[in-house]
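Chemist: In my numbering, the protein residues as written are 4 to 882.
Here it is: the structure, laid out below.
Now the structure itself:
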């Protein structure tokens, strides 16, 4: 069976081939779910130092882990180099308060391959041979200020990594059938000297019994010949087998109360027993034959360049020769993966582009994670456990007690965000749809289900605060995935589109009722995902009172209207009832366009003198103040654009008649969308917040290399603010925004996320799509200098292709360099590192170096979509 066949099978029902996957995060400590503190400080309540000893309530973490879809039974790996103070079972990184630009993993690992059903997947972890510098990484990052770069593992271990004093640990999984999983662990000494390493393949049950007295405790038991029998009252029996000589160790996945709290343990065997046995030699801490956590412990010494292989098998049966077919299974699944991607990448002729895209897909797939959170249970507490502090009832997420999540969800990444973020997920869905349209659709529908969406229609933002306000991009993602799925599968899934549309109507109503308090179609409130971009926190009370009417908030709503209009018109092709709804969104869009395009002195957000959109600060005394900050906020109105095809209007006469009525009888609204009265290429009509007079003026600034245009995409803040910072006196103090091409020098939002200069993939991607829509209307008639002042004129489509090339070139090798690696010599020059791609959260606005979370193949996986469409359209062949 090929991977495409497995995907076709799973389109009709949940395929058993999806039952097992790398659904375990790399960090379960420090999350909101595990926080039962009085002050809500999740990072400090459950730090990394506790992780090896404390049983998790809601999920597990692991190094290169694999588990079933409900995360009942888990597989993972532990390592020890005889120098580290602890057994390496999970990844280490800084918590939010622990250093300059915290919340960052301080390890090196790479997702190299995966197919959607995880019948085959592969990753690489680089394990230093000297003591891991936990304290050094923490202390140096604490010492550094906002003006300093992050202190990374490659800084702390520069000489030893350059000399190859580390082990490459390659972890691969292949399924013989839906219930039989092979794991292959290959350990290579890259250093110049022999080096010892301890390898401990592990199996354990997620602890569910401690939180529910009615839950029967599962069991792992020695079954002879080094085998382990796993028995669970609901899941049934599995057998776990390892193909190496070694001591079989057992313990319980239970908290070590004595170590953490100085209280007696209820039993002698606890979660950190393997650490105690291997690192400290305390063999009395492990059981020899039973428990809820087991490992096989092997010690080897590898010569320079030598590789050792370990194999693990999990299945419903325990054959006498469990590994006789392992090599054939791995070979077959690898060949199927290669064939799968050959069919995905037929037009991509460049080998390096194929490598980047395949690793982007791998990171996206490896970041599909088990997520479990019952907010009501979290607020009230578990039976038989101490109740949560009373402060919880007035604290974080108290209004989301309906939310009960237990699903596999596409995460931004497995370390910094071992939880979902709804607006990130919308962007994940597009590249995911290229290889697995069914899962992309299911992910989008999941956020709209009643156990996710608030009864008032709001979508949950993310675990840290479900009530935060993110850009309303879900409708856009639904519409785009519908079209991608149609292209990939050859069939239009109108059932998916209709299901999503009805729930999105509730979300649209929430936006209108909650974020347009004055009823003037200019929206305010919430940072809208663009944290750190303004002079103050837009989610908080303003220092002098009042409120901010947001150009981006208003533009996002204009885009939301047009996305809903496009979906309604598509559904109306087969059901004329939807023409009424389409008319409503057309009307609402005209109101928003009229509101945002009024002059500042008339209550709008357009500045005719500057030729740009700005937020407006409304003060308690009735005064107002334009915030003339040149940021991406003023470019987002370009997103609200849609073309209407003449043939569509002809088959929807009711909608066309009502639209023509507005054009004739509401000139006050139509003037704001002047292009509606003209015809474009092939008699198309254009709905856009930005008309033909404003468009060149905004693009002139956007395509200026001294303002927004970088060699690697669009900056989030004009570069002119480096020499001329924006300053505002408010609340008796001066606030300043300065262009920061790399890490933030502001403490706003903890200083961990910077929109004051860097390049972000989601905003750039939406701009490319918008320019393509303008091309559909204007064709070759509208041309603009790109870059501004260069004398080189381009159509909107050519500008879009140029911007896509700039973004893709963050990752593609140019000579001996990849821009994403910046000045990191190890990644730029070492052949063992240079082709392992890191997909960062954002990128330096001047040189393209990767910044922030280093594995965010969530929205940064959009590069896979750009590579695909660039080669399909022939744009990259010309470059």
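Quick reminder that beta carbons are idealized off the backbone N, C-alpha and C, glycines included.
No experiment lies behind these values; they were computed from the predicted model shown.
Can you list, in chain order, the residues of its chain with a C-beta nearer than 6 Å to that of residue 874? Leave out the 5 residues immediately preceding and following it.
Modeler: Once the five neighbours on either side are set aside, the close Cβ partners of residue 874 are 350, 351.
Chemist: Within 10 angstroms of its Cβ, does residue 70 collect 16 or more other Cβ (buried), or is it exposed?
Modeler: buried
Chemist: Would you call residue 736 buried or exposed, if buried means 16 or more other Cβ atoms sit within 10 Å of its Cβ?
Modeler: exposed
Chemist: Take residue 72 as the anchor and find which of 168, 109, 209, 854 has the nearest alpha-carbon.
Modeler: 209
Chemist: Does the separation of the CB atoms of residue 858 and residue 426 fall below 8 Å?
Modeler: no
Chemist: Is the CB-CB distance between residue 55 and residue 92 below 8 Å?
Modeler: yes
Chemist: Taking the alpha carbon of residue 864 as the reference point, which residue from 650, 477, 114, 273 has its own alpha carbon closest?
Modeler: 114
Chemist: Just list the residues that DSSP pairs residue 740 with in beta bridges.
Modeler: 729
Chemist: Curious, which full-length alpha helix (DSSP H) runs of at least 4 residues does the region 614-659 contain?
Modeler: 649-654
Chemist: Going by the DSSP bridge assignment, what does residue 172 pair with across the sheet?
Modeler: Beta-bridge pairing links residue 172 to 128, 190.
Chemist: Closer than 6 Å by C-beta to residue 121: which residues in its own chain qualify, once you throw out the five before and the five after it? Chain order, please.
Modeler: 24
Chemist: List the endpoints of the continuous alpha helix (DSSP H) containing residue 164.
Modeler: Per DSSP, the continuous alpha helix (DSSP H) segment holding residue 164 begins and ends at 161-165.
Chemist: Using the Cβ count rule (16 or more neighbours within 10 Å means buried), how would you classify residue 882?
Modeler: Any reading at residue 882 is ruled out, since the residue's pLDDT is 48, under 50, leaving its predicted position unreliable.
Chemist: In three-state terms, what does DSSP make of residue 184?
Modeler: strand
Chemist: Buried or exposed: which applies to residue 438, given that a residue is buried once 16 or more other Cβ atoms fall within 10 Å of its Cβ?
Modeler: buried
Chemist: Is it the case that the region 611-621 contacts the region 694-701, given that we only count it when at least three CB pairs across the two stretches are under 8 Å?
Modeler: yes
Chemist: From what residue to what residue does the beta strand (DSSP E) around residue 787 run?
Modeler: 786-788
Chemist: Classify residue 235: buried if its beta carbon has 16 or more other beta carbons within 10 angstroms, exposed otherwise.
Modeler: By the 10 Å Cβ count, residue 235 comes out buried.
Chemist: Just mark residue 237 as buried or exposed, buried being the case when its beta carbon has 16 or more other beta carbons within 10 Å.
Modeler: Around the beta carbon of residue 237, fewer than 16 other beta carbons lie within 10 angstroms, which makes this residue exposed.
Chemist: With the cut-off set at 8 Å, would you say residue 151 and residue 103 are in Cβ contact?
Modeler: yes
Chemist: Give a yes or no on whether the C-beta atoms belonging to residue 272 and residue 254 are separated by under 8 Å.
Modeler: A contact, by the Cβ cut-off of 8 Å.
Chemist: Pick helix, strand or coil for residue 882, following the three-state DSSP scheme.
Modeler: Here the model assigns residue 882 a pLDDT of 48, short of 50, so the residue's position is not dependable, and the following value carries that caveat. DSSP places residue 882 outside both helix and strand once states are collapsed to three, so it counts as coil.
Chemist: How long is the line joining the alpha carbons of residue 535 and residue 743, rounded to whole angstroms?
Modeler: 11 Å
Chemist: Apply the 10 Å Cβ neighbour rule to residue 81 and answer buried if 16 or more other Cβ atoms are within range, or exposed otherwise.
Modeler: buried
Chemist: Residue 109 and residue 156 - do their beta-carbons sit closer together than 8 Å?
Modeler: A distance below 8 Å separates the beta carbons of residue 156 and residue 109.
Chemist: Going straight from the alpha carbon of residue 422 to that of residue 670, what length do you get?
Modeler: 48 Å
Chemist: From what residue to what residue does the alpha helix (DSSP H) around residue 253 run?
Modeler: Counting along the chain, residue 253 falls outside any alpha helix (DSSP H), though it belongs to the beta strand (DSSP E) covering 250-254.
Chemist: So, helix, strand or coil for residue 27, using DSSP?
Modeler: coil
Chemist: Work out the CA separation of residue 687 and residue 649 for me, nearest whole Å.
Modeler: 6 Å
Chemist: Give me the Cα-Cα distance between residue 539 and residue 738, rounded to the nearest whole angstrom.
Modeler: Within the model, the alpha-carbon separation for residue 539 versus residue 738 is close to 8 Å.
Chemist: Name the DSSP bridge partner or partners of residue 199?
Modeler: Bridge partners of residue 199: 304.
Chemist: Quick one: grab the DSSP three-state call for residue 430.
Modeler: helix
Chemist: Does the region 622-640 come within contact of the region 571-578, defined as at least 3 CB pairs closer than 8 Å?
Modeler: no
Chemist: Taking the beta carbon of residue 654 as the centre, do at least 16 other beta carbons fall within 10 Å, making it buried, or is it exposed?
Modeler: exposed
Chemist: How many Å lie between residue 295 and residue 63 at the Cα?
Modeler: Cα to Cα, residue 295 sits roughly 14 Å from residue 63.
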